[in-house]
Amino acid sequence: MAKAKAKRRKLEKRSHKGVKSNKPIGASPKKLKPKKRGNGGQSKQEVLPFEANDQILLVGEGDFSFARSIVEHHGCVNVTATCFDTEVDLNRKYPQSKTHTTYLRSQSQSVLHGIDATKLSQQKRIRASRLDRIIFNFPHVGGKSTDVNRQVRHNQDLLVRFFGTALPLLTQRGTVVVTLFEAEPYTLWNVRDLARHVGLVVVRSFRFDAGVYPGYRHARTVGNIAAKGGGWKGEERAARTYVFCAKESYDAVLRAAGHSNSNSTEKKRKADESSSDDED
Numbered sequence: 292m293a294k295a296k297a298k299r300r301k302l303e304k305r306s307h308k309g310v311k312s313n314k315p316i317g318a319s320p321k322k323l324k325p326k327k328r329g330n331g332g333q334s335k336q337e338v339l340p341f342e343a344n345d346q347i348l349l350v351g352e353g354d355f356s357f358a359r360s361i362v363e364h365h366g367c368v369n370v371t372a373t374c375f376d377t378e379v380d381l382n383r384k385y386p387q388s389k390t391h392t393t394y395l396r397s398q399s400q401s402v403l404h405g406i407d408a409t410k411l412s413q414q415k416r417i418r419a420s421r422l423d424r425i426i427f428n429f430p431h432v433g434g435k436s437t438d439v440n441r442q443v444r445h446n447q448d449l450l451v452r453f454f455g456t457a458l459p460l461l462t463q464r465g466t467v468v469v470t471l472f473e474a475e476p477y478t479l480w481n482v483r484d485l486a487r488h489v490g491l492v493v494v495r496s497f498r499f500d501a502g503v504y505p506g507y508r509h510a511r512t513v514g515n516i517a518a519k520g521g522g523w524k525g526e527e528r529a530a531r532t533y534v535f536c537a538k539e540s541y542d543a544v545l546r547a548a549g550h551s552n553s554n555s556t557e558k559k560r561k562a563d564e565s566s567s568d569d570e571d
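So the sequence shown is numbered by the working numbering: it starts at 292 and just counts up by one.
Right, dumping it as structure tokens:
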């Protein structure tokens, strides 16, 4: 714990000095040391879509276990963690959330309740400063309908409105990060196309590994559900993280890298967007 606090203090000093990343938008996300697999298998590279000193906004948090993990285990020092529920509803649905929010506040991180992910730009506390990362893990509107097609449309609407309100809040090299399960009906949402409609493009995507975030537990929209055999565990399902940035910023980076021809820039962008397995 002492080492973790020392690391956070060091990073906090760096962030207060206005340290800026010189990495291009298309640079690979932070990679952790390879994690060895059992039975002599190959190690796998673990990926983080943020840096410890980034200005990070977490949207649609469930029980705040993800927020706590990136602060406690990855040294993040500029985190604003938000949820849609009021504090009363949150504690009723996820009793464990109080422990996580208490920890976050003890580390001088912001916790906000009652924040609508589709109206971020209307929140004075959020739009006060530009953000490096806006992260929305497993967005879902909840049980608005039992009809699959209607559910798909409701969730597509949620994402389009989220993308639209998040884009103006980004720094020049900021990114929006969305994680979804890799199965229907989530694949039917066509998240890449939804983002493109509001001026965002895919920088890359990679498989989401819940094990990279110690203590993280997937929280369902309806709250904790008791069931035999330990219940439903979303963190054990296959999921993919998508990293988006503003199209204008992405094209500027390509031009700076020598892709000055507009046709080649467009071809490069389309090639990147069509790739579904950038990093696994």
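C-beta atoms are modelled at their ideal positions from N, C-alpha and C, and glycine is treated no differently. Nothing here was measured: the structure is a model prediction, and the numbers come from that model.
Exercise for review: Answer with buried or exposed for residue 388, where buried requires no fewer than 16 other C-beta atoms within 10 angstroms of its C-beta.
Suggested key: buried
Point to revise | Range of the contiguous alpha helix (DSSP H) that encloses residue 500 | key: Residue 500 -> no alpha helix (DSSP H), and no H or E assigned at all.
Point to revise | Span of the beta strand (DSSP E) around residue 424 | key: 422 to 428
Check your understanding: Run through DSSP, which three-state label would residue 394 get?
Key -> helix
Review point. Can you give the Cα-Cα distance for residue 495 and residue 440, rounded to whole angstroms?
Key: 28 Å
Check your understanding: Roughly how many whole angstroms lie between the Cα atoms of residue 534 and residue 466?
Key -> 6 Å
**Study point:** Cβ-Cβ distance between residue 365 and residue 339 below 8 Å
**Key:** yes
Check your understanding: When you compare only the Cα positions, how much space is there between residue 476 and residue 444?
Key -> 11 Å
Exercise for review: State the DSSP-derived secondary structure class of residue 346, mapped to helix, strand or coil.
Suggested key: coil
Point to revise | Residue range of the alpha helix (DSSP H) that includes residue 455 | key: 439 to 457
Check your understanding: Grouping DSSP H, G and I as helix and E and B as strand, with all else coil, what is residue 413?
Key -> helix
Exercise for review: Indicate whether residue 498 and residue 461 have their beta-carbon atoms separated by less than 8 Å.
Suggested key: no
Exercise for review: Determine the closest residue to residue 416 out of 358, 348 and 506, with distance taken between C-alpha atoms.
Suggested key: 348
Review point. Per DSSP, what kind of secondary structure is residue 535 in: helix, strand or coil?
Key: strand
Review point. What's the gap between the Cα of residue 455 and the Cα of residue 346?
Key: 19 Å
Point to revise | Whole-angstrom distance between residue 430 and residue 447, CA atom to CA atom | key: 10 Å
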